[in-house]
Each structure stands twice: as C-alpha cells, then as structure tokens.
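Going down the list, the sequences are from chains A and B. So the first sequence is numbered by my numbering: it starts at 23 and just counts up by one. So the second sequence is numbered by my numbering: it starts at 23 and just counts up by one. Cβ atoms here follow ideal geometry from the backbone N, Cα and C, with glycine treated the same way. It should be emphasised that the depicted structure is a prediction, and the values quoted were computed from it without experimental measurement. Report on the following structure.
Number of protein chains: 2
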Amino acid sequence: MLCPYCLNSETKVIDKRDNESLTKRRRECLKCSKRFNTLEAVERPEFRVIKKDGRRENFDYEKLKRGVLKACEKRPISSEKIDKMLARTEERLRKRGKEVKSTLIGDIVASELKKIDKVAYIRFASVYREFRELDDFKKEITFLVNR
Amino acid sequence: MLCPYCLNSETKVIDKRDNESLTKRRRECLKCSKRFNTLEAVERPEFRVIKKDGRRENFDYEKLKRGVLKACEKRPISSEKIDKMLARTEERLRKRGKEVKSTLIGDIVASELKKIDKVAYIRFASVYREFRELDDFKKEITFLVNR
DNA sequence: ATTACGAACACAATATATTGTGTTTTCCTC
DNA sequence: GAGGAAAACACAATATATTGTGTTCGTAAT
Chain A
23 MLCPYCLNSE TKVIDKRDNE SLTKRRRECL KCSKRFNTLE AVERPEFRVI
73 KKDGRRENFD YEKLKRGVLK ACEKRPISSE KIDKMLARTE ERLRKRGKEV
123 KSTLIGDIVA SELKKIDKVA YIRFASVYRE FRELDDFKKE ITFLVNR
Chain B
23 MLCPYCLNSE TKVIDKRDNE SLTKRRRECL KCSKRFNTLE AVERPEFRVI
73 KKDGRRENFD YEKLKRGVLK ACEKRPISSE KIDKMLARTE ERLRKRGKEV
123 KSTLIGDIVA SELKKIDKVA YIRFASVYRE FRELDDFKKE ITFLVNR
C-alpha cells in the first residue's frame with residue numbers, strides 16, 4: 023500500500039472499522055508518519071463493452087440473459103443451470119479487463135452453451151456469429167453430430 | 023467484509039498480494055467456504071461541494087462519473103480515456119480548495135469533455151449549464167462546427 | 001449556542017494476516 | 001492441441017492487525 027503523500031510502501035494499520043460490505047482502515051506511513059485511510063471492498067469492477075463500430079456501453083447483464091434465454095427456449099435446461107452458466111460467463115468477461123469486445127461476449131457465451139446443450143449452442147451461434155453461409159451452419163452441425 | 027455469496031460477515035484471508043497502490047486479498051467465507059477477492063485502495067481525501075442554494079455536501083466521485091458516463095454514452099471513448107479525464111477533473115477540483123462551487127464542477131467537466139469529444143461535450147453542457155435558450159445551444163454548435 | 005453523531009485518537013490483550021516459495025490450474029493465443 | 005502467462009492454491013514461520021472500550025474533536029442540525 024503506497025502512502026499517498028510520500029509514495030513509500032511501508033505503512034502500518036492504526037485502526038480498522040467494518041461497515042456492512044466495506045472495511046475502512048486508518049494507516050500511518052512508516053516513513054513520513056502521515057496518516058490516511060484505505061477502503062477494502064469486494065472486487066466487482068464494472069466493465070464496458072466495445073461494440074463493432076467502436077461505441078462503448080456498460081455491460082448489461084439482463085441483455086446477456088435475454089440472449090441466452092432465447093437460445094435456450096423450449097430446451098430441457100433448468101433455470102439453475104442457466105443462471106450458473108450466466109454467472110460463469112460474467113466472471114470470464116470480468117477477468118478480461120475493463121473493456122471487452124462485444125464479439126468476445128458472443129464467443130464466450132457460445133463456448134458455455136456448447137458445454138450445456140448443443141441445440142441451444144447452434145441457435146445462439148447462428149445469431150451471434152452471424153454465420154454468413156448456410157455452409158458454416160452445416161459444418162458445425164456435422165462436427166457436433168460426429169462426436 | 024460480507025461474503026458476496028451468502029452474506030455472512032465472517033471471512034478469513036487466504037492470500038494477499040500487493041500491486042502498486044492496490045492490495046488484493048483472497049478470502050474464504052467461514053460459513054459457505056466460497057472464495058472471493060477484495061481490493062484495498064487509498065481513500066481519496068474528501069472535499070466539499072457548495073450547491074446553488076448554499077448547502078454543502080461531500081464530493082461524490084461516483085456521481086461525477088455517472089454524469090460523465092451519461093454524456094459519453096454510446097460514444098467511442100475508451101474507459102481509460104474517461105478515467106484519466108475524471109482523475110484530471112478531480113485533481114483540478116481538489117486544487118481549488120476544500121470547498122468548491124458545484125457550478126465549477128460543471129465548468130471543469132465541460133472543458134475536459136470539450137478536449138475529448140464534441141458530442142459528449144454538447145450533451146453535458148446542455149444539461150449542466152442548463153442552457154436556457156435553444157439559442158445557446160445553436161451558438162455553441164455553430165462555434166464548434168466552424169473550427 | 002447546544003446537542004448529537006460520526007470520525008479520529010488511544011491502548012492493551014489476543015487472534016489472524018503476511019511473506020516467501022513453489023506447484024497447479026485456468027484460460028488466452030497461436 | 002500446444003505453449004505460456006496469470007491466477008489460484010498450499011503451507012509454515014513470523015509479524016502485525018484486530019477488537020473492545022472510551023475520550024475528544026469537528027461539523028451539521030436544531
């Protein structure tokens with residue numbers, strides 16, 4: 023922890039108080055003796071999505087969910103399974119940093135769906151990856167069927 | 023520190039790593055045993071904002087950020103650029119003393135946005151400066167277009 | 001001016017986090 | 001599918017943070 027005044031990295035904790043989901047510590051720099059506070063919080067950084075045309079928007083979980091639910095429509099997949107899959111997806115995206123390309127979202131969702139339900143996967147892939155030719159479709163299906 | 027999964031408040035630290043000015047801890051919930059990370063960072067010293075009616079309130083970085091993000095919505099501006107711009111803005115405000123007028127915030131944000139993205143600038147200015155007349159708007163636009 | 005509340009301060013007894021090092025896993029890239 | 005980087009995992013010896021309680025100070029509301 024860097025002292026915000028002299029940038030020294032050795033500090034000690036003088037006091038600590040918890041507050042719901044936040045932990046506040048009072049620290050003292052071992053070098054310049056100045057005091058300052060720090061906050062500890064659960065890591066859940068926001069991230070943004072870069073669309074194909076370069077525009078940015080905040081990640082929208084509900085939007086992701088809608089897309090996935092649509093692909094899973096009428097398929098025998100429990101809500102629980104879907105929720106877990108969505109959580110995993112969000113985690114994977116979060117790990118990619120503060121900004122992720124929208125195409126990456128599609129890729130990750132696809133890879134997750136593939137693990138769960140082939141039909142849902144194909145449905146999703148056909149939309150998100152914008153399979154240009156029926157050929158791509160056919161290739162994917164052949165590939166899946168052969169396994 | 024609340025476990026983000028079961029909301030239990032007892033957790034233990036499994037690991038900790040420092041990274042420049044951030045401290046990352048890995049924790050385990052004593053109840054559900056799930057693991058999660060936390061981040062500790064220096065708390066920015068506070069300063070206050072004088073609102074138009076004279077009332078004071080603490081400067082709220084998140085609020086500032088929300089306003090700016092709103093103005094930048096759907097614009098091709100990277101998070102990094104926005105974050106830097108926000109940091110610069112906060113620094114400029116901080117230098118103005120322990121109390122700053124709310125109108126100053128608007129002016130500084132506007133001047134920063136102007137450097138980055140004209141559209142975002144106009145959006146922001148139209149809200150924060152409460153352009154009374156469409157005229158003001160028109161004038162600004164004409165001015166910008168002519169450059 | 002008075003009250004009330006949260007923030008800062010202090011301190012001592014105790015419990016828990018930290019550090020260093022090394023291994024394993026995950027997942028992105030090619 | 002292979003290679004490689006980053007994150008997670010593990011663990012033991014040691015140092016440091018935490019907790020509880022109480023006082024004081026600053027500032028907002030009355």
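Query: The region 67-78 of chain B touching the region 39-48 of chain B, judged by at least three CB pairs closer than 8 Å; Result: no
Query: C25(A), buried or exposed, once every other Cβ within 10 Å from all chains shown has been counted against 16; Result: buried
Query: Residue range of the alpha helix (DSSP H) that includes I104(A); Result: 101-117
Query: Cβ distance (whole Å) where T111(B) is taken to contact V131(B) below 8 Å; Result: 6 Å
Query: Where E50(B) sits in the DSSP three-state scheme; Result: strand
Query: Within chain B, the residues that T60(A) reaches when beta carbons sit closer than 7 Å; Result: E62, A63, V64, E65
Query: S133(A) CB to nearest heavy atom of the ligand SAM below 7 Å; Result: For the structure depicted, the ligand SAM is absent and the ligand set is empty, with no information on it obtainable.
Query: Residues bridged to L61(A) (per DSSP); Result: K46(A), A63(B)
Query: Cut-off 6 Å between Cβ atoms - residues of its own chain near N30(A), not counting five sequence neighbours on either side; Result: C51, K53
Query: C-alpha distance - L126(B) paired with R57(A), whole-angstrom precision; Result: 29 Å
Query: Run of the alpha helix (DSSP H) containing I145(A), from where it starts to where it stops; Result: Looking at the sequence provided, one finds Arg at residue 145(A) rather than Ile. 140-150 is the extent of the alpha helix (DSSP H) around R145(A).
Query: K92(A) and S124(A) closer than 8 Å at C-beta; Result: no
Query: Residue burial classification, Y83(A) (beta-carbon count within 10 angstroms, cutoff 16); Result: exposed
Query: Spatial neighbours of Y143(A) in its chain, beta-carbon cut-off 7 Å, leaving aside the 5 residues before and after; Result: A132, L135, K136
Query: Local Cβ density within 10 Å of E32(B), reported as buried at 16 or more and exposed below that; Result: exposed
Query: Helix, strand or coil at E84(B) [DSSP, three-state]; Result: helix
Query: Distance, K160(B) Cα to S167(B) Cα; Result: Looking at the sequence provided, one finds Val at residue 167(B) rather than Ser. When rounded, the distance between both Cα atoms is 10 Å.
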